[in-house]
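Read the structure below first, then the notes.
Protein chains: 2
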Amino acid sequence: MKTSTPSSSIEDYVKVIYSFTEWQRKPITSTQLAQRLGVANSSVSEMVRKLKDQGLVDHKPYSAVTLTSDGVRLALSMVRRHRLIETFLVRELGYRWDEVHDEAELLEHAVSDTFIERMAAKLGNPTRDPHGDPIPAADGSVLMPAAHRLSELDDGHTGRITRISDDNPELLRYLAAEDIDLDAEVEVVGRRPFGGPMVVRIGSAPAPREFDFADEVASALWVHSDAGHAGCSVTES
Amino acid sequence: MKTSTPSSSIEDYVKVIYSFTEWQRKPITSTQLAQRLGVANSSVSEMVRKLKDQGLVDHKPYSAVTLTSDGVRLALSMVRRHRLIETFLVRELGYRWDEVHDEAELLEHAVSDTFIERMAAKLGNPTRDPHGDPIPAADGSVLMPAAHRLSELDDGHTGRITRISDDNPELLRYLAAEDIDLDAEVEVVGRRPFGGPMVVRIGSAPAPREFDFADEVASALWVHSDAGHAGCSVTES
DNA sequence: AGAAATTATTAGGCATACCGAAACAATAGG
DNA sequence: CCTATTGTTTCGGTATGCCTAATAATTTCT
Ligand SMILES: [Mn+2]
Ligand SMILES: [Mn+2]
Ligand SMILES: [Mn+2]
Ligand SMILES: [Mn+2]
Chain A
0 MKTSTPSSSI EDYVKVIYSF TEWQRKPITS TQLAQRLGVA NSSVSEMVRK LKDQGLVDHK
60 PYSAVTLTSD GVRLALSMVR RHRLIETFLV RELGYRWDEV HDEAELLEHA VSDTFIERMA
120 AKLGNPTRDP HGDPIPAADG SVLMPAAHRL SELDDGHTGR ITRISDDNPE LLRYLAAEDI
180 DLDAEVEVVG RRPFGGPMVV RIGSAPAPRE FDFADEVASA LWVHSDAGHA GCSVTES
Chain B
0 MKTSTPSSSI EDYVKVIYSF TEWQRKPITS TQLAQRLGVA NSSVSEMVRK LKDQGLVDHK
60 PYSAVTLTSD GVRLALSMVR RHRLIETFLV RELGYRWDEV HDEAELLEHA VSDTFIERMA
120 AKLGNPTRDP HGDPIPAADG SVLMPAAHRL SELDDGHTGR ITRISDDNPE LLRYLAAEDI
180 DLDAEVEVVG RRPFGGPMVV RIGSAPAPRE FDFADEVASA LWVHSDAGHA GCSVTES
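First to last, the sequence lines map onto chains A and B.
For the first sequence, position 223 matches number 222 in numbering that gives the first Met the number 0, and the numbering has no gaps at all.
For the second sequence, position 51 matches number 50 in numbering that gives the first Met the number 0, and the numbering has no gaps at all.
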């Protein structure tokens, strides 16, 4: 069926469906969609039917929702918008990285393509946002950094922070207060016994600092391995 | 009745009601509101009832619509938003003055107060937008420049362009192409006979240029009289 | 003043996007 | 394997904001 100009709700649905599989593996279910969007399950069922009618998703009743190629195209364009706006807010308007998400969530639906492309040009066509998420290019190509959750790395592993999950603003404020930012060096020192926090060394040679990270922190940080230092125990099933 | 957070439709209605009286005298009627908003008269009747319920307008059936003090407050905040965004688009993103209106019309509803105030600070708290319209301050105070339509000035009158009505993008493009901008010096040379165009000299001493302005152009340009050069024939009834 | 034209309001509907409750599938446990 | 729980969809209904057509008030013209 016809696509016309998608409503902002449609745009958000598609963006959430895409984002769910960006760093995970499995496609999203109705309930997960509902949770992420903050709407009732019944609303999702209705909207998914609409998305399917418009050729944006594939869906068989009672199973997960996946994007069609049209859906991916729309999602990438929304993700690009969102992340460019976040970058702009930080670089040009002095926002902190914990403040940008909600603003971008609304602006992404309101600005024109012209606005986006002029903004991108002004920013020098950045390829990642303030949280390290990759910004898809205008042609839809994405450069996904190879990264793993800090929480899943073996003891002794070293690397740099590539991405920080942006869905908990409080966590972002904590990290900012501790002066932990993208590209910081990290080393897994070890783990406290009985499922306790992870001990991590952060910072370069002169002044490395040690932190005890609760699992919520360690699994929000994504690490790119140092060159030359081989993989880790994470397996992609 | 309660005000909650006004919808973007409500914001547009209030803004249009305010703007109508900004450079004119009489309050707006239902039909004029409908024309400006591009909706049916019946839609206006319904929305005006809603605006009245929310305490934003005064209205007696079959008569014009006026803003309450709450309505004025909301309108000024929307006008401030709109004009700051226009200024930002021109100064920071390289938009031309005929391109900014539509973009601002959507953005004004989507950005936060924080965004507006950081933008204003970055721009140095400008007091007029790219078309010369005054930007209300955050506290609601407005500095209206004393200006009259060029079309209503007597022959021989001189002054500077203070404002250019922004509701015809084509006219704005024409003026830009002729290099006519805010603050340009103007002198009314005379009028061609039988309701013909107005002859106007524009530009400073070294290279003044003469133009024949159709009434649509002459009434879109607003002029602030030169200091020391007394009034004109316009009377405020 | 009375009829005609204009302007405004009301009535009845439509589209979008949400909700809670009810009905229906799928999976998990005993 | 059959039932209980969980997940998903369907049903009926709400709130906005828009429309056209019908009606009502006001203004204008003769
Ligand atoms: Mn959004
Ligand atoms: Mn982000
Ligand atoms: Mn608007
Ligand atoms: Mn303007």
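The beta-carbon is built from N, C-alpha and C at its ideal position, and this holds for glycine as well.
Contact note: SER111 (chain B) reaches chain A through GLU102, using a C-beta cutoff of 7 Å and chain order.
For ARG162 (chain B), the nearest beta carbon of chain A is not closer than 8 Å to its own beta carbon. Neighbours of MET118 (chain A) in chain B, taken as residues whose beta carbon is under 8 Å from its own, are LEU92 in chain order.
Residue-level contact by beta carbon fails for LEU171 (chain A) and chain B, as no gap is shorter than 8 Å. With a contact defined as Cβ atoms closer than 8 Å, ALA119 (chain A) and LEU92 (chain A) miss out at about 16 Å.
When the beta-carbon positions are compared, LEU152 (chain A) and VAL71 (chain A) stay at least 8 Å from each other. For a cut-off of 8 Å, the C-beta gap from TYR17 (chain B) to ALA74 (chain B) is around 3 Å, short enough to register as a contact. Chain order gives no chain A residues near LYS59 (chain B), where near means a beta carbon separation below 7 Å; the closest approach is about 36 Å. Relative to ligand 2, the beta carbon of ARG35 (chain A) is positioned no closer than 7 Å to any heavy atom.
In summary, PHE114 (chain A) is buried, with 16 or more beta-carbon neighbours lying within 10 Å of its beta-carbon over all protein chains present. With a beta-carbon spacing of about 19 Å, GLU169 (chain B) and ASP128 (chain B) fall beyond the 8 Å limit used to define contacts.
Between LYS14 (chain B) and chain A, the shortest Cβ-Cβ separation is not below 8 Å.
With respect to chain B, the C-beta atom of LEU122 (chain A) has no partner C-beta closer than 8 Å. DSSP, reduced to helix, strand and coil, places MET197 (chain A) within a strand of the structure shown. Burial check for ARG79 (chain A): the Cβ neighbour count within 10 Å reaches 16 or more, so the residue is buried. A Cβ closer than 5 Å to some heavy atom of ligand 3 marks a residue here, and those residues are B:ASP11, B:GLU104.
Using a C-beta cut-off of 8 Å, the segment 147-163 of chain B makes no contact with the segment 122-138 of chain A, since fewer than three inter-stretch Cβ pairs fall below that distance. Residues of chain B with a Cβ closer than 7 Å to the Cβ of LEU105 (chain A) are, in chain order, ALA109. For PHE114 (chain A), the C-beta contacts it makes with chain B under 9 Å involve LEU88, LEU92, TYR94, GLU102, LEU106, in order along the chain.
Inclusion of HIS108 (chain A) in the 7 Å shell around ligand 1 follows from its C-beta lying nearer than that to a non-hydrogen atom of the ligand.
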